[in-house]
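This report concerns only the one structure given below.
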Amino acid sequence: MNDIHVLIGGSQGSGIDTSSLILASALSRSGYGVLSNREYYSNIVGRHSYIHMRVSALEIPRSLSYPVDIFAALDAESVFFHFDDISSRGYLIYDTGVSKTRIRMISSMEPESRSRIESKLRTIGAGDSVESLVNVLESKFNITTIGLSYSSILDVISEKYGLAKAEAQRFKNSIVVGAIAGLIGLNYESLSYAIDRRFGKRPKIAAINKALIAGVADEIKENYGEPLKLEKSKLNLEEVLLVSGNDIIGMGKIVGGLRYQSYYPITPATDESVLHETYEALKVDGESIGSIIVFQTEDEIAAVNSAIGAALTGVRASTSTSGPGFSLMVEGLGWAGKNEVPVVITYYQRGGPSTGLPTRGSQSDLLFTLFASHGEFPRVVLSSGDHLEAFYDAIQAFNIAEKYQVPVIHLIDKFLANMTATIPLPEWSKIRIDRGNTILKTDNTVWRRFDKNSIISPRPVLGSGAITWYTGDEHNELGHITEDPINRLEMYEKRWKKLQLIDADIPEEERAIYYGDGDEDFLVVGWGSVKGTILDSLRELEKEGYRGAFLQIKMFQPLPSRLISKILSSFSPERVIDVENNIGGQAARVIAMNTGYTIRKYILKWTGRPIYLMELIDGIKRILSEREDRVVLSYGK
Amino acid sequence: MNDIHVLIGGSQGSGIDTSSLILASALSRSGYGVLSNREYYSNIVGRHSYIHMRVSALEIPRSLSYPVDIFAALDAESVFFHFDDISSRGYLIYDTGVSKTRIRMISSMEPESRSRIESKLRTIGAGDSVESLVNVLESKFNITTIGLSYSSILDVISEKYGLAKAEAQRFKNSIVVGAIAGLIGLNYESLSYAIDRRFGKRPKIAAINKALIAGVADEIKENYGEPLKLEKSKLNLEEVLLVSGNDIIGMGKIVGGLRYQSYYPITPATDESVLHETYEALKVDGESIGSIIVFQTEDEIAAVNSAIGAALTGVRASTSTSGPGFSLMVEGLGWAGKNEVPVVITYYQRGGPSTGLPTRGSQSDLLFTLFASHGEFPRVVLSSGDHLEAFYDAIQAFNIAEKYQVPVIHLIDKFLANMTATIPLPEWSKIRIDRGNTILKTDNTVWRRFDKNSIISPRPVLGSGAITWYTGDEHNELGHITEDPINRLEMYEKRWKKLQLIDADIPEEERAIYYGDGDEDFLVVGWGSVKGTILDSLRELEKEGYRGAFLQIKMFQPLPSRLISKILSSFSPERVIDVENNIGGQAARVIAMNTGYTIRKYILKWTGRPIYLMELIDGIKRILSEREDRVVLSYGK
Amino acid sequence: MASKSTFRTDVWIDWCPGCGDYGIVAAMSKAFSELNLDPSKLVVVSGIGCSGKTPHFIYANGVHTLHGRAIAFASGIKLANPELTVVVNGGDGDLLGIGVAHFVALGRRNLDITVILHNNQVYGLTKGQASPTLRRGDKTKSLPAPNMQDAVNPIALALSSGYTFIARGYALWVDHLKELIKQAIRHKGASLIDVLQPCVTYNDLYTTDYYKDKLYKLEDDPSWDPVVSRIEEVEDKMSKALAKSLEWGDRIPVGVFYVNPLIETYNERIAKRNPTYSIIPPAKQLIAKNNGEPIIGVEEFKKLFSDYIIKIVK
Amino acid sequence: MASKSTFRTDVWIDWCPGCGDYGIVAAMSKAFSELNLDPSKLVVVSGIGCSGKTPHFIYANGVHTLHGRAIAFASGIKLANPELTVVVNGGDGDLLGIGVAHFVALGRRNLDITVILHNNQVYGLTKGQASPTLRRGDKTKSLPAPNMQDAVNPIALALSSGYTFIARGYALWVDHLKELIKQAIRHKGASLIDVLQPCVTYNDLYTTDYYKDKLYKLEDDPSWDPVVSRIEEVEDKMSKALAKSLEWGDRIPVGVFYVNPLIETYNERIAKRNPTYSIIPPAKQLIAKNNGEPIIGVEEFKKLFSDYIIKIVK
Ligand SMILES: Cc1ncc(C[n+]2csc(CCOP(=O)(O)OP(=O)(O)O)c2C)c(N)n1
Ligand SMILES: Cc1ncc(C[n+]2csc(CCOP(=O)(O)OP(=O)(O)O)c2C)c(N)n1
Ligand code: SF4
Ligand code: SF4
Ligand SMILES: [Mg+2]
Ligand SMILES: [Mg+2]
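Chains as they are written, first to last, in our numbering: chain Y, 1 to 637; chain L, 1 to 637; chain F, 1 to 314; chain G, 1 to 314.
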């Protein structure tokens, strides 16, 4: 096989993260491309969670799809949740110890899910126990069900290593790693490397894991004969980064010169700041090359405002948050805009509105970021389509912020944030630090901080030697309050004109990326993490004779309107499709607002789950067949 | 004369509010229409402020214009500020006691204003003293300058009534009332009525004022002979309300059933809550017909959230604020949307961004209100064009909120809020209370608060006898958290569909008002307090042969898109002009976003001062002559 | 289905096994039941966090609000309908960090609301960051390095903010806690119960083991009398309560720290200004006639707003 | 033009004639001058209100922020460049109402910032509503009815939040106040000066007349020693300070209430974890080479993030 989808399900806190990490590291070590998404409830222990992973021998995967080739269930609940996610000819790994478990015994399942699953069970003629379901899967759906007695396996381990029963439980997740490794023929060296990488500092645990995983893998190999054996990888890489979106953005910021990161804990943004905490003392070869202040504040109001304060001193300052936090940052954002402060807000969109689905994803905050805060001031809103882009954009965000002295919102979604991917190392030739007209040191105390002679006034920072004033009130060139109408007219316009300046400076082609040769006959428009799925869907569709192009919007403010208009109008209006993870078609509305072009066809999803390849392909076909104007996607548990 | 513009200038705290109130009451008493705007700095004492008033014998004025017929200056600063606001043949009333004052002695003048005024003085060949300026006005500009010795007049009073010098100072503003009354021939009875209305409870002060005003008026009459004598009023009214926008909205809310008003002090919203405080115990003929809780909170976060809490119990609950406050309410707004809570936010726009121009006006928060808060949920955004509309809309806001169970933002601007007007009493036949499916009492404890069977689920309030749950998380019909994707899909869409429902229910003609016969050849688009100025400008232009129509947008969410499209496309695109008090043409952008129609011509102003009739007329002509696409207005001090 | 007698819904509780929050729910529902409250006249309001989920498990009206804002919502509810019993549940991050402005304001108003603080020294639901009640230098297993900020003392803060009933309970002493909750609800005015609530997943410092031998009940000392019976006693009782609140080491007191029944509640303060308020709560007032006409007709309007009306005399 | 020696700009002060704020500006600029501060290394940060305008009148860097948020901005400034002297000016509404979460947080961190509270018991700039320091029952001329909320005691709140220098001054005693400001700035850690500031326009209760015969200086009592010299003294000095803070009636104390120089500042706490921090402030660190390349090149990247890098072995 060149391409495999794997799903691992288990309850929150039962270690599927570890399984996934070990599998992903081992696969990466062997040179495969991996992309893996984690779905979990807003809960610490007990609710169902799962890892959905794609492995490729040919490329770095850009999308996830269903059904999966292998589904490994750590508990009964997982079996009930995902039995219909397995492809016919696929493999189900489960615990025979839960065979007798009936769905109604599983109290952690929400009633809405339970009743839907129960009716599915009835439809396929399964009873309400794991056993009866497994039988039906085997008999009617051609699925190979591999029942293992997890407790017997753990008993062996606990005996061999003298572990208490409860201790041994913590190795349960390694059973499924072993089983998967056996089915796909993952080699021992890679597994062993991956285990050391995870448990290197605890050799006993590493050793037990190795033994357990190898043991199970061998047994599976023996009984089933590596039925899904992965081909040797054709990827041409010597080393890769294995990172989540949070990780790579955190790294990008550090490379970009981050020296101040404030945050208040919130899913799915916190992980970025946790990474920064690890790198507070920026040490290379034991020598510190700088220090990052990571400041956990009392709330998001303090997070944004302290970052603005920090930015005034000349550090590259940022804060990371998601919807509820950003809602509290709105007033601060306006102050930064008014005072021309370069501050970067990394905004991880989750499912809204309000507390919403805190651990699920969306792309539903675009319009909010564009117009948040009262009054009018320039801001830049930048979005990234994948891990590597996010890395470069994190640096770019600082450059734009400093060069144009504006707040920059870097808009990410939870899908990208929480997906782990193997990616190549970034290319340093693409990286530049541009601090614009930032003045770190001057002998001149007298400065007109808001000199109207140019749109971007030179910016001596606090502590540089200059004396400057700032105020959220309308101000004169010195930064003192004035209500004079003509100063108002000019100062307001000076700020506003930055948008035009940025629009003129940054090539439109960098702000909206066109993927196509020019001879395509339909166009998909999208942004953020749907990028990979769209590109893969077009590739698949091409095989069936459809020829589509993709327009990825990267910068929403200032929007590259001329380029977008040109591209949109080169397609038949019936064949331009907007794909977004929201209900309002927000990017399409931004386009309409700026260009007057109204997109007519939509593929939308707002269940909080990512858009999957197979449903997008289907959706595009439905649109192209002109049966539907709006396709609503809903796949995923 | 049928129509007179008067300007009164003086320093903040010197009593020009009282002058204005007395004048306006007296004029109203005599049956004239009055519209009066107050401009002031964000300052308690000492900065320059002024009243700009229009009086009409023919109608209730809808707009203000320059130049003025009479300008009465309480101090030297005012003379320097406004000398060029007086029409030739106009009248300047000033204090000969400040004749020698030079502009550079006036420390309260901001440097930007001072240097511009100084250069104006040079241009017209005036020196830098009041005296030299007055001479030039008289000699070169045909202005009648009436110099009075304010101190001598006050000396007479203090002698006659045995007042200390400092006490007598407090009557200074009555001198200008008297002078104005003399010039326009305002009768003593009306003045006396107005003075009693203001000082009725302090008869001595009333008596002094009467004597002083009558004395000055007589003297002026004697010397100048009522040169601007007002014609007898042709208005056909028996009684009028003399109210600010804050007042009339406060009254509308009370009539509409307001029982809970929370607020945190902020200009220009506070005055509404201050009115409510006066009416906490709603007494008619000594009997209480209800009680309003007016709750001053610790911040705006508490203001909005406590109002939402109150709304859950079934009271009509509201909060009032302006930009900085609303910026803090954004998270609460989302919770209300998610939980289908009828709460009304009255939003008084001031000059932004950030602290901005706290006491000046704008229409720059429209886009913010439309998209504030993360995620997607329905809200209604309603704007009012004048005092009477605002009254009805304040009631309508509650009806919509309760009927559709959505937060409603009633969008006002500082211009409307702070303009005092004589208006007829509202018509009760137009007023209805519609509480929709609000259930105040039930015997049934079991309720599916978010029953998906209808878009609007019946709403038993807290305390009704039902038991209900609310959460900002995605929830099931009972209001309990669920992350189930299909419930998510449906519950999200249930909420979202309210927008369609409202769009279908409320006639488009009520949401966008078209003023025209259908044979006009250009169209002006606008919203909020520019309404009156636009209508008057069209009337004036008609006299010169231009024939224009006006499209007033009243509801921005849901926008009456079909009607707007129809109207817009019936005009030549070169002859559709957007008029707004902002830099971004925000209403035009909302129209583009919803209809794809891009307006090409703009008349914009963002100095924080209202749009005046004469500059709008000029702007429209400039646009129609096709010389300009964008006219920026800037008149006003 | 859920049931009134137990005050428990059938919603599955998704807290970690062993979490102290279970004890709080048990104590609350027992207290409600013993007080014989009508669940439809009871409103449990919460913020965001593990603690924030509480209302879903209680069979009574539940309002699960925003992080830090429970008190603000609760205040609106109580003001608009004083007949409702309002109980707030919040985390230590929720009430003493992001929401501390509302916490302080509630005390200053002495509004009749009971606040139950789930004090676990961590931000539970976001994975164990230090909360405002964790002491400086403490390092729970969830922290990469020792905590850098000093702790807030909830009892001291409540005292200085004006709460008139202040107690501390322990999540595992359900019956004791239940009694505190009953007293707090019966008390007229703002009450705080600081509940020491072990978080088994992230907090390995303040565990059941830690508390086991340290906790003692204030009421076991017969001379302990926290109740202000004459206004002159306020200062003395307050400073005694304060001193007790600083005890944190080998011995940690639980029980009632301070009660002052002599201070007017906010509702009483309003009623003084506005007597109708105490007769019929705003939530129950009629605003329209059956035909939809507002109860304020044109005549009532003219009387109410006569100050703004001018009769024209031409 | 403005001048360094007087630390005053030539911006016209638009406070009401007689406002106590004039005294605060006078005391501040004298203090700065006597401390011989470099105005370019001094940052005066303020919130919104009459008090918020202060920085515009001082010849030093000025950051006039948002209502309630001055401390948050100031914290970022001080953390990013600890070499700057940071002084916050805020109103009582600003610091103790809307912004109280930041006020408390600053104490918990003991970050080296001086907070000057303009305590005039009203919201000045919005026309005299009751601020959090106005007592219940007080009715200033700007209020329609007596105040319904209890007051916050700034000294007590600062004590319980962890401020390590706490004093009270009087706006009209400029030289006395100046000395307090100097001490506060010299003190390493979070300091609060509660300045009684008559608002002549809206507050007719707490006037210069009111204060005249009541104020007395703590330092006039030779036995008054507010400084903690050994850590064991903390509780005692704190409770003495607290008792003093409750004195409000015929006699009102001003002067230094509490000083604790033994607590690590937040900057010191950071430096412990991260020694580079104390050597070169983040604001002065190099992030790029002259040609625009980041100082973290590909090699440095690989070393820094080696945990995330996997070498492929096919
Ligand atoms: C405005 C906002 N910021 C951040 C979050 C993320 N968040 C959810 S729970 C929580 C902390 C919970 O800690 P605590 O209040 O102590 O409650 P616990 O979970 O410990 O009961 C945070 C920060 C949020 N929901 N809203
Ligand atoms: C978020 C926000 N809410 C409200 C306001 C309006 N506002 C301006 S000043 C002020 C109160 C000032 O009172 P205080 O903090 O005591 O300062 P003082 O004027 O008395 O010095 C308020 C509420 C604002 N600027 N921002
Ligand atoms: S994380 Fe802690 S507080 Fe939250 S449920 Fe688990 S044990 Fe309880
Ligand atoms: S209103 Fe009060 S605080 Fe403000 S400037 Fe005037 S006197 Fe000072
Ligand atoms: Mg907690
Ligand atoms: Mg104040």
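Backbone N, C-alpha and C define an ideal beta-carbon position, used for all residues, glycine too.
Tell me the rounded alpha-carbon separation between residue i and residue j.
i      : j      : result
G/S29  : G/K188 : 20 angstroms
Y/L241 : G/Y308 : 6 angstroms
G/Y206 : L/A211 : 37 angstroms
L/E280 : L/S291 : 5 angstroms
Y/S529 : Y/P610 : 9 angstroms
L/K232 : L/E226 : 14 angstroms
G/S46  : Y/T346 : 27 angstroms
G/D209 : G/G18  : 13 angstroms
L/G306 : L/A466 : The question names Gly, yet the displayed sequence has Ser at residue 306 of chain L. Approximately 21 angstroms between the Cα atoms of the pair.
Pick helix, strand or coil for residue i, following the three-state DSSP scheme.
i      : result
Y/Q12  : coil
G/Q285 : coil
G/F57  : helix
F/N119 : strand
Y/S262 : strand
L/A549 : strand
F/M1   : Here the model assigns F/M1 a pLDDT of 45, short of 50, so the residue's position is not dependable, and the following value carries that caveat. In the structure shown, F/M1 sits in coil (DSSP, three-state: anything other than H, G, I, E or B).
G/F32  : helix
F/R168 : strand
Quick one, which of the options has its alpha-carbon nearest residue i's?
i      : options                           : result
Y/Q12  : F/K127, F/L262, F/N89 and F/S40   : F/K127
L/V330 : L/L568, L/E376 and L/K414         : L/E376
L/P353 : Y/V446, Y/P378, Y/N437 and Y/I103 : Y/P378
Y/A181 : Y/M614, Y/D69 and Y/L121          : Y/D69
G/S161 : G/Y170, G/T140, G/P144 and G/S191 : G/S191
Terminal residues of the continuous beta strand (DSSP E) containing residue i?
i      : result
Y/W469 : W469 to T471
L/A72  : V68 to A73
Closest Cβ-Cβ distance between residue i and chain C: below 8 angstroms?
i      : result
Y/H387 : Among the chains of the structure shown, chain C does not appear; the protein chains present are Y, L, F and G.
Span of the alpha helix (DSSP H) holding residue i?
i      : result
Y/V530 : V530 to K543
Using DSSP's beta-bridge definition, name the partner residues of residue i.
i      : result
L/R350 : L/G361
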